[in-house]
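Taken in sequence, the protein lines are chains A and B.
Using the working numbering, read the first sequence as starting at 5 and increasing by one per residue.
Using the working numbering, read the second sequence as starting at 5 and increasing by one per residue.
Number of protein chains: 2
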Amino acid sequence: MRRWNGWGEESVFQKVNPIAFEYLQAHVGLAKTSHSLTFDELIALVPSSRLTQHELLACCDMTCDAKDRALHAVGQSLPDWIGLRMGLIERFPDAVAYPKSAQEIRTLLDLASEHDIRLIPYGGGTSVVGHLTVPDSLQPVVTVDMRRMNQLLHFDPMEQLATFEAGISGPEIEDCLQARGYTLGHYPQSFEYSTLGGWVATRSAGQYSLGYGRMDSLFVGGRLETPAGSFVLKPIPASAAGPDLRQTVLGSEGRLGIITECTVKVSRLPKQERVHAAFFKDAETALTAVRELAQADLHMTMIRLSLAAETETTLALASHQKVLSFVKLGLSLWGVKDQKCLLLYGVAGSTDAVSQGLLSARRIIKQQGGIFVGQKFGEEWKKARFQSPYLRNTLWEAGYAIDTLETSVIWSKVKTTIAAIEDALKNAARLQQEQVHVFTHVSHVYAVGSSIYTTYVFRLADTADATLARWQTLKSAASQAIVEQGGTISHQHGVGLDHRPYLEVEKGELWLQMLRAVAKTVDPKGLMNPGKLME
Amino acid sequence: MRRWNGWGEESVFQKVNPIAFEYLQAHVGLAKTSHSLTFDELIALVPSSRLTQHELLACCDMTCDAKDRALHAVGQSLPDWIGLRMGLIERFPDAVAYPKSAQEIRTLLDLASEHDIRLIPYGGGTSVVGHLTVPDSLQPVVTVDMRRMNQLLHFDPMEQLATFEAGISGPEIEDCLQARGYTLGHYPQSFEYSTLGGWVATRSAGQYSLGYGRMDSLFVGGRLETPAGSFVLKPIPASAAGPDLRQTVLGSEGRLGIITECTVKVSRLPKQERVHAAFFKDAETALTAVRELAQADLHMTMIRLSLAAETETTLALASHQKVLSFVKLGLSLWGVKDQKCLLLYGVAGSTDAVSQGLLSARRIIKQQGGIFVGQKFGEEWKKARFQSPYLRNTLWEAGYAIDTLETSVIWSKVKTTIAAIEDALKNAARLQQEQVHVFTHVSHVYAVGSSIYTTYVFRLADTADATLARWQTLKSAASQAIVEQGGTISHQHGVGLDHRPYLEVEKGELWLQMLRAVAKTVDPKGLMNPGKLME
């Protein structure tokens with residue numbers, strides 16, 4: 005069963021070894037075990053619904069049950085966790101709808117227009133930026149759970165296109181395609197729960213996007229039900245017939261309507277797939293190698309470079325400490341010491357293409373002094389690729405909060421942006437007389453630049469409000485640093501509520517005006533996910 | 005000097021051999037040599053300007069000179085040619101502006117807003133769909149020639165990005181980049197004259213877009229001056245921060261403002277570049293091979309498959325008939341006869357990558373029974389790649405009009421769409437008791453489908469009006485067929501005036517409403533290129 009107040013399945017508990025806790029204490033300070041709300045305590049917070057007895061309830065199996073409303077009130081952002089674990093949830097939806105078809109959604113939208121009801125689309129509930137927060141609205145709010153719409157509608161191997169209902173989850177998509185010899189190849193960290201419609205609405209990127217493409221390019225067509233009517237995007241390979249408004253549905257975050265159907269590009273399952281690893285003596289040589297790999301066009305599926313602090317943290321958290329001390333000893337003999345950076349790189353395709361790709365990659369790595377260490381680290385990463393969010397549960401219970409920040413910048417700004425983000429976090433913590441442990445990797449590389457992914461760990465405060473304030477100070481310092489460096493406020497998480505304040509600096513006032521004009525056209529009453537993405 | 009009433013340089017005349025004329029006569033009928041207007045006769049058509057003495061004239065070296073106005077009145081569409089050659093130009097701009105900087109353009113836009121002046125951005129003047137047509141407006145119209153803004157502003161080999169002023173032409177871009185060891189790799193048929201800003205405004209595709217990408221992906225950032233202010237798109241590798249409005253500037257066709265600056269992805273010049281050729285016995289096997297090549301991801305730069313009628317026409321028009329008769333004889337011994345289709349395919353990259361790519365391609369071609377015929381056809385194509393538009397001059401003078409149509413569809417619709425377009429043209433000609441010679445190639449292939457490019461030749465009528473009516477009947481029959489098949493009304497030419505009537509069937513009413521809302525936001529008075537793309 006899925007955990008109601010944290011990440012993942014209740015049956016899975018990610019242990020942390022004592023050495024790792026010592027490491028954390030040394031970097032962040034001693035933490036106190038935090039008490040978490042019980043589910044009954046959460047339910048007690050749910051107020052009465054404004055929709056009891058409403059005629060809308062006949063539509064989409066809608067319910068005002070407190071349990072359903074509690075389970076759909078938040079996502080997975082840090083403020084969401086503080087809400088769930090410490091009882092700081094301000095509002096709950098008045099009802100939850102469970103549509104089974106686009107037709108039902110059409111009816112729901114028409115009724116919502118008529119009765120002035122606000123709607124929040126809900127996919128896997130994995131947003132980390134506040135997409136699911138219930139707005140402070142005089143009008144009732146219904147959260148629309150899309151998970152019952154999870155069917156494959158059309159698949160044509162010849163044209164390598166598949167059409168799914170939007171509520172289908174990552175594993176359901178891959179089960180369906182892999183049985184036919186195909187894959188979508190889209191693996192965001194939230195893969196196990198997040199949905200295709202959610203990926204489109206937030207312009208999702210996955211661990212293998214270097215090989216298969218981001219949602220921006222995988223999403224070829226589909227259907228968006230808007231309050232003003234249906235918006236159908238036909239699958240067309242490429243077009244010069246005016247602006248591409250498909251790219252406006254992508255990233256619309258529920259503001260334009262509800263995505264009901266998506267046609268996506270699929271690929272033949274690769275014959276082979278390998279993830280190899282190498283160590284570099286410092287960030288300078290490692291980043292040069294990564295840029296050259298990105299620009300060499302080698303059919304790679306992934307590149308992930310952990311900078312020194314992340315490499316050290318990864319090694320400290322690993323369970324097989326004995327093996328690792330040998331690795332460290334070996335590396336130090338090659339001059340790879342404290343500042344070492346771990347590179348994971350993946351190649352997939354035919355057996356020939358994989359050997360060729362790995363060979364070319366290794367040549368570039370060697371030129372920059374990288375030490376090849378084989379498949380072991382890559383295999384470990386593949387096994388554990390969806391497990392790291394489980395650490396949030398374990399650390400929270402030990403009194404630590406863990407959160408991540410991400411952006412992308414052109415190559416000339418990668419190093420300075422990493423430093424700016426890390427410094428901003430450390431300075432913001434220092435001003436609060438706290439410590440923060442910060443580490444970064446670059447991944448999702450492009451010919452012209454790279455994404456930057458920073459993780460930070462800090463101690464929970466004694467109260468919900470104080471913890472939230474501590475997070476807000478850290479988050480806002482880092483976000484400010486990102487936009488000042490010319491980075492995007494989000495490379496893969498979306499905007500939601502948490503990134504909204506930084507959007508105008510990134511995009512400019514005209515961008516917001518244009519987008520508001522589009523939203524006004526399809527949703528004149530402002531029913532759709534109010535307040536997310538833009539005010 | 006550039007030809008004022010046709011394509012290309014005045015010094016270049018593309019001869020057509022007598023066999024080719026016989027071939028045309030057999031397929032289209034005997035034509036009468038057509039009289040063309042002289043330049044003086046054209047100038048005599050230019051009315052007085054509504055801007056003489058206007059204070060606007062102080063801006064951007066603006067001129068009301070009849071010669072400048074005549075030379076900026078039309079583009080290269082068939083109606084444009086009828087206008088220039090037969091004197092059917094209804095309106096001329098009141099003035100032509102020649103800005104030298106984004107600042108001058110800002111001033112021009114502010115003055116235009118103040119005085120309610122309509123503006124038409126003009127790049128290389130190569131539009132084939134009526135982008136440059138002067139609207140029937142009570143307000144004065146100024147055409148804005150961007151060719152003085154042709155400088156490289158920034159180049160960083162590390163991040164493989166170059167920023168140019170928007171008025172720079174194809175050859176100027178390549179001179180600039182190739183001297184530095186780089187290339188943009190964008191070669192539309194209009195390469196010699198068309199401009200970067202024009203490519204972005206019309207979502208251009210080039211002959212090598214399979215390898216280097218369409219403008220959609222090459223254009224990373226830039227600057228659009230709109231009546232409401234400056235819209236700056238920062239170069240960011242990838243972003244999940246809301247909808248991608250860069251994709252709304254792409255394809256904006258002058259309706260949102262004037263593009264003044266473009267940052268584009270560039271690539272290292274490939275070590276090697278090869279174009280090889282093969283023949284197939286019929287469309288069925290050839291199209292299967294092309295789809296498999298497109299889906300195999302082989303680092304190819306181009307794939308161009310001429311179907312039977314185009315292959316026959318190409319061979320008839322070629323000058324070296326003796327060599328060809330040997331080729332035909334050889335092919336017929338392999339069973340490749342009347343329905344034969346010529347495939348050209350290009351690979352570029354390192355010497356290794358090219359050998360590897362050619363080898364893999366040849367394997368796929370062989371599996372479908374394709375007969376490899378070496379480099380000769382590819383070399384001929386490379387030499388003549390920008391010469392075929394010159395044929396328009398030669399044929400027009402002999403009494404024939406030649407025009408092209410293009411779309412793209414998913415793989416399952418390629419064959420039926422080709423047939424529908426060709427049949428529509430033939431039936432429309434038959435109803436006028438005329439013949440039309442029609443032939444098609446597929447190129448710009450994608451994993452999920454392909455573009456379709458159809459050329460048609462018909463006889464000029466005795467008068468301008470009758471010729472225009474003949475073209476309109478053919479064009480509209482074929483365009484109708486395209487949208488009925490679910491194709492886009494343009495894969496690479498844009499919408500302009502000629503494709504506007506078909507846009508609503510393709511995109512739907514909501515698409516148009518959203519786009520109008522965006523245009524209204526940045527250009528509330530409707531000053532920018534009125535009537536193009538949408539009413």
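Cβ atoms here follow ideal geometry from the backbone N, Cα and C, with glycine treated the same way.
These figures come from a predicted structure and were not determined experimentally.
- Boundaries of the beta strand (DSSP E) around residue 410 of chain B: 404-414.
- Partner residues in the beta bridge of residue 269 of chain A, as assigned by DSSP, are A:165.
- Boundaries of the beta strand (DSSP E) harbouring residue 233 of chain A: 233-237, taken from the DSSP string.
- DSSP places residue 445 of chain B inside the beta strand (DSSP E), whose first and last residues are 441-450.
- Proximity of the region 109-126 of chain B to the region 230-248 of chain B meets the contact definition, three or more beta-carbon pairs being nearer than 8 Å.
- Chain-ordered, the chain B residues with CB closer than 9 Å to the CB of residue 207 of chain A read 242, 243, 244, 245, 246, 247 and 248.
- Taking the CA atoms as reference points, residue 431 of chain A sits about 45 Å from residue 180 of chain B.
- Each of A:27, A:6, A:266 and A:211 was checked against the Cα of residue 462 of chain A, and the nearest Cα belongs to A:27.
- Contact note: residue 493 of chain B reaches chain A through 245, using a C-beta cutoff of 7 Å and chain order.
- Here residue 78 of chain B is near residue 136 of chain B, since their CB atoms are less than 9 Å apart.
- When 7 Å is used as the limit between beta carbons, residue 167 of chain B is near no residue of chain A, the shortest such separation being about 11 Å.
- When DSSP states are grouped into helix, strand and coil, residue 229 of chain A belongs to the strand group.
- The region 267-285 of chain B makes contact with the region 182-201 of chain B, as at least three CB pairs between them are under 8 Å.
- In the displayed model, residue 251 of chain A falls within a helix according to three-state DSSP.
- With its beta carbon less than 9 Å from one in chain B, residue 232 of chain A belongs to the interface.
- A distance below 7 Å between beta-carbons, with the five flanking residues on each side excluded, links residue 56 of chain B to the following residues of its chain, in chain order: 68.
- Scanning chain B for C-beta atoms nearer than 8 Å to the C-beta of residue 163 of chain A yields 414, 415, 416, 452 and 453, reported in chain order.
- Under the Cβ distance rule, residue 269 of chain B counts among the residues neighbouring chain A, one pair being separated by less than 9 Å.
- Between residue 534 of chain B and residue 256 of chain B, the beta carbon gap of about 14 Å keeps them out of contact (Cβ cut-off 8 Å).
- Look at residue 137 of chain A: its C-beta is not under 9 Å from any C-beta on chain B.
- Leaving aside the five residues that flank residue 539 of chain B on each side, the residues in its chain whose CB is nearer than 8 Å to its CB run, in chain order, 504.
- Interface annotation for the region 150-162 of chain A against chain B: 160 and 162, criterion Cβ-Cβ distance under 8 Å.
- Assigned with DSSP and collapsed to three states, residue 358 of chain A falls in helix.
- Identification of residues in the region 495-513 of chain B having a C-beta nearer than 9 Å to some C-beta of chain A yields 495, 496, 497, 498, 499, 503, 506, 507, 510, 511, 512 and 513, given in sequence order.
- By the Cβ test, the region 59-75 of chain A is not in contact with the region 20-39 of chain A, since fewer than three Cβ pairs between them sit closer than 8 Å.
- Around the CB of residue 536 of chain B, 16 or more other CB atoms lie within 10 Å, so the residue is classed as buried.
- In this structure, the CA atom of residue 253 of chain A is about 22 Å from the CA atom of residue 487 of chain B.
- Residues of the region 476-493 of chain B with a Cβ closer than 8 Å to any Cβ of chain A, in chain order: 490, 491, 492 and 493.
- Against chain B, the CB of residue 359 of chain A has no partner CB under 9 Å away; the residue lies outside that interface.
- For the region 426-450 of chain B, the residues whose beta carbon sits under 9 Å from a beta carbon of chain A are, in order, 448, 449 and 450.
- Per DSSP, residue 158 of chain B lies in no alpha helix (DSSP H); the unbroken beta strand (DSSP E) holding it starts and ends at 156-160.
- Between residue 204 of chain A and residue 219 of chain A, the CB-CB gap stays under 9 Å.
- With respect to the 9 Å criterion, residue 482 of chain A and residue 450 of chain A are not classified as neighbours on the basis of their beta carbons.
- Distance from the Cα of residue 388 of chain A is smallest, within the candidate group A:418, A:83 and A:211, for A:211.
- When secondary structure is reduced to three states using DSSP, residue 293 of chain A falls in the helix class.
- Around the Cβ of residue 23 of chain B, a 10 Å sphere holds fewer than 16 other Cβ atoms; the residue is exposed.
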